[in-house]
Amino acid sequence: MRPTRLLAVLLTLSATLVATAPAATAAVATSPDSGSATTLDLPAPTGRLAVGVTDLHLTDPSRPDPWSPTPSVRELMVRAWYPAIAVTPRARYSDDATSATVAAFLNNFIGGGVSPFLDRVRPHARQNAPVFGAGWPVLLYSQGRGSMRTLSTTLAEDLASHGYVVLSVDHTYDAGAVRFPDGRVIRGNRPQVPTEAERAEELRVRVADLRSTLNHVSTAATQFRGRLDLSKVGALGHSMGGATAAEAIRTDPRFRAGVNLDGGFWDGAANNGVPGPFLLLSTGAPDYPTFTAWKANHRAWGRHFALTGAAHYSATDLTQFPDISGARELLRDRPALYTTLFGDTPGVRTTEINRAYTRAFFQQHLYGVPNPLLDAPSPAYPEQTLRWSHS
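Below, the structure written as structure tokens:
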């Protein structure tokens, strides 16, 4: 039985059992002297497949890089998670440049005290493991502004364990820091508060990055050649990456379905909707104006679920890090700032919920297996509210 058919059978069985599986938890080791976290195992993937991870370096000679300070073609780094044969060691979470950038991001909010810590975070994927099977759907993941490809690890590992190849793109000069194989580190140079024209350009470049990545894995002699079902391609992303996913589906028919993790909708997607199935997963905050515009114009299958107690960054790995980073202790007397960064609902729980709904969506719209989780409030996830539905 081909993996796609096998996974469809397994997914059919699991669709009615969404509340029965035990929740994945993050394992934290602490120092007996200080009580601070010394290592962190991320929440384990919930699927039956082992997961591999590798990094791809892409060069697109057809695209001049609009943001490079010197003339050059567009270069990207992409992290791929995929069903694998688990014969290699567990991967590192990230490189040193990413670790330093995440610590600097937290210090910008907190006012200092956070040292680089991602070397003590342990994902579950196996580094450069052989690809298992073939016929896997493909998901393109776009990060938020200033974010980096590894910060989608907990969601991407879970999706890969259920039978997807997930490609997370660092948008060069937008991402906080991108290390290339030759040792170059390119840091973000985009304005913190873009003008409308700058934002529109960013969206165009980001969508083109997703297209370049899909073109590369469709044609290049990588380990994924002959392993992908390119008739089943989805897009998802956090924040500006969610807007990127919507616009990719609107403008490129290869992208069939998508998920927006607490991002807005811009330009064509807001004014015209998205031609394919689309899921919005937001925090419990009031709707952005662009949510309202998208809902008014979207004619395909659509849902909007809002997660009470979540923060904007709850859709990323950041909410796994309050202890390992020391941020919980540093913000002990500033609960409002803690909630802004990490939310009121623990990161392990928001990760569990975001995983469940994202999985259910792609299960239904790429594997073709309906999942009732998407149609009504669930007693398994009372924090999640169905705000809007269009069928």
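Mature numbering (1 follows the signal peptide of the UniProt record, and there is no 0) puts the sequence shown at residues -26 to -1, 1 to 365. Think of the CB as a built atom: it goes at the ideal place given N, C-alpha and C, for glycine as much as any other residue. Please read these numbers as outputs of a predicted model, since none were measured by experiment.
Neighbourhood of residue i by C-beta, 6 Å cutoff - its chain only, sequence neighbours within 5 removed
i       : result
Arg224  : Gly242, Ala243 and Val248
Ala334  : Asn345, Leu347 and Leu348
Arg361  : His278 and Ala280
Pro(-5) : Because Pro(-5) sits at a pLDDT of 37, beneath the cut-off of 50, its placement in the model cannot be relied upon, and the following sentence gives the value as read from the coordinates. Nothing listed; no residue qualifies.
Tyr312  : Leu305
His190  : Leu32
Gly238  : Ala217, Tyr262 and Thr264
Arg273  : Gly247
Gly250  : Ile223, Arg230, Ala231 and Ala274
Pro6    : Note that Pro6 scores 37 on pLDDT, short of 50, meaning its location in the model is unreliable; the coordinates nonetheless yield the value given after this. Result list for Pro6: empty, nothing under 6 Å.
Pro296  : Arg302 and Phe316
Ala350  : none
Gly215  : Ser116, Gln117 and Gly118
Asp69   : Arg153
Arg161  : Ala151
Secondary structure of residue i, DSSP reduced to three states
i      : result
Thr33  : strand
Thr225 : helix
Phe198 : coil
Pro90  : coil
Arg185 : helix
His190 : helix
Val159 : strand
Pro263 : helix
His136 : coil
Thr290 : coil
Ser299 : coil
Arg22  : coil
Trp268 : helix
Arg306 : coil
Gly247 : coil
Thr169 : coil
Gly216 : helix
Gly237 : coil
Arg164 : coil
DSSP beta-bridge partners of residue i
i           : result
Gln101      : Val27
residue 417 : Within the shown structure, residues of the chain are numbered from -26 to 365, placing residue 417 beyond reach of any answer.
Ser116      : Val143 and Gly211
Gly232      : Ala209 and Phe252
Thr257      : Leu281
Trp110      : Leu202
Ala149      : Gly120
Val95       : Leu14
His364      : Gly276
Pro38       : Val47
Residues near residue i in its chain [Cβ-Cβ closer than 8 Å; skip 5 each side]
i      : result
Pro356 : none
Pro165 : Glu172
Asn163 : Trp41, Pro43 and Tyr147
Val159 : Ala71, Ala151, Val152 and Arg153
Asn328 : Leu129, Leu235, Leu255, Leu281, Ser288 and Ala289
Inter-residue CB distance, residue i and residue j (contact presumed, cutoff 8 Å)
i      : j      : result
Tyr67  : Val95  : 4 Å
Ser121 : Ala151 : At roughly 10 Å, the Cβ-Cβ gap does not stay under 8 Å, so Ser121 and Ala151 are not in contact.
Asp39  : Val52  : Between Val52 and Asp39 the Cβ distance is about 16 Å, and since that is not below 8 Å, they are no contact.
Leu133 : Val112 : At roughly 11 Å, the Cβ-Cβ gap does not stay under 8 Å, so Leu133 and Val112 are not in contact.
Val105 : Arg201 : 5 Å
Leu204 : Val233 : Not quite, the Cβ-Cβ distance comes to about 19 Å (not below 8 Å), so this is no contact.
Trp55  : Glu131 : 6 Å
Gly211 : Gln117 : 7 Å
Ala209 : His98  : Not quite, the Cβ-Cβ distance comes to about 24 Å (not below 8 Å), so this is no contact.
Asp144 : Leu50  : 6 Å
Leu14  : Ser135 : Not really, about 19 Å apart at Cβ, beyond 8 Å.
Asp226 : Arg185 : 6 Å
His364 : Gly276 : 4 Å
Arg37  : Ala182 : 6 Å
Contacting residues, own chain, Cβ-Cβ under 7 Å from residue i (five flanking each side not counted)
i           : result
residue 388 : Since the first and last residues shown for the chain are -26 and 365, residue 388 lies out of range.
Ser299      : Leu80, Val88 and Phe91
Thr324      : Leu281, Ala284, Ser288, Thr293 and Gly317
Ala220      : Gly232, Asn234, Phe239, Ala243, Val248 and Phe252
Ala65       : Val27, Pro97, Ala99, Arg100 and Gln101
Thr127      : Leu16, Tyr67, Pro97 and Asp291
Arg228      : Leu188 and Val207
Asp34       : Val47, Arg48 and Ser186
Cβ of residue i within 9 Å of any chain C Cβ
i      : result
Asp226 : The displayed structure is made up of one protein chain only, and chain C is not part of it.
As an exercise, report each continuous alpha helix (DSSP H) stretch of at least 4 residues that is fully enclosed by the segment 46 to 88, in chain order. 70 to 84
Entirely within the segment 308 to 357 and at least 3 residues each: give me those beta strand (DSSP E) ranges in chain order. none
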